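Structure, as structure tokens:
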């Protein structure tokens with residue numbers, strides 16, 4: 001795509017605006033985009049880490065805390081890997097599994113800023129293959145009964161449900 005302004009260089013920047021309720025997209029080369037729009041990007045800069053972006057987005061960066069927290073951060077270090085709380089906040093990752101226990105008291109505010117809550121709810125348990133086979137057999141019986149009563153639309157829906165379950169059974173009994 002060619003730049004809409006100079007019509008010479010390759011357009012690598014897309015600026016999308018909403019004007020009068022309609023979305024308008026303009027395509028510019030980097031040179032023209034830097035002239036006409038207030039944002040400037042320097043490709044030579046080091047990329048911002050995701051945790052830094054998120055923490056800055058929510059206000060005060062996580063690594064800028066009160067003085068008492070800073071004292072705790074410099075005093076606390078993981079006995080296994082020697083990572084300090086301050087290093088964790090700056091890097092966004094722990095050095096080992098023991099860090100979770102070491103910094104347990106300081107983590108809830110960090111996690112609540114970065115995600116919806118402080119507890120994890122995992123996936124539900126997958127249905128076993130035997131349960132899927134039982135369900136298929138049960139639906140087949142209902143389907144036969146529907147055919148005998150000439151409820152063919154219901155029977156077709158049950159047939160489709162059997163096919164869907166059979167597909168999941170072939171996949172190894174994943175969540176239904």
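In the UniProt record's numbering, the protein residues as written are 1 to 176. We treat Cβ as the ideally placed atom computed from N, Cα and C, and that holds for glycine. These numbers come from a predicted model, not from an experiment.
Counting only the Cα atoms, residue 25 lies some 45 Å from residue 157.
With contacts defined by Cβ atoms closer than 8 Å, residue 30 and residue 18 do not form a contacting pair. Residue 106 and residue 87 have their C-alpha atoms some 13 Å from each other.
Annotation for residue 148: the continuous alpha helix (DSSP H) segment containing it runs 129–148.
The C-alpha of residue 15 lies about 8 Å from the C-alpha of residue 33. Around the C-beta of residue 85, 16 or more other C-beta atoms lie within 10 Å, and the residue is accordingly described as buried.
Cβ-Cβ distances below 8 Å link residue 152 to 146 in the same chain, with the five nearest sequence neighbours on each side left out; the list follows chain order. DSSP, read as helix, strand or coil, puts residue 25 in strand. According to DSSP, residue pairing for residue 19 in a beta bridge involves 22. Of the other Cβ atoms in all chains shown, 16 or more fall within 10 Å of the Cβ of residue 11; this residue is therefore buried. Look at residue 13 here: in three-state DSSP terms it is strand. Rounded to the nearest whole angstrom, the C-alpha separation of residue 110 and residue 23 is 37 Å. Boundaries of the alpha helix (DSSP H) harbouring residue 156: 152–170, taken from the DSSP string.
DSSP places residue 99 in the uninterrupted alpha helix (DSSP H) bounded by 98–102. Counted as a single uninterrupted DSSP element, the alpha helix (DSSP H) harbouring residue 88 occupies residues 85–91.
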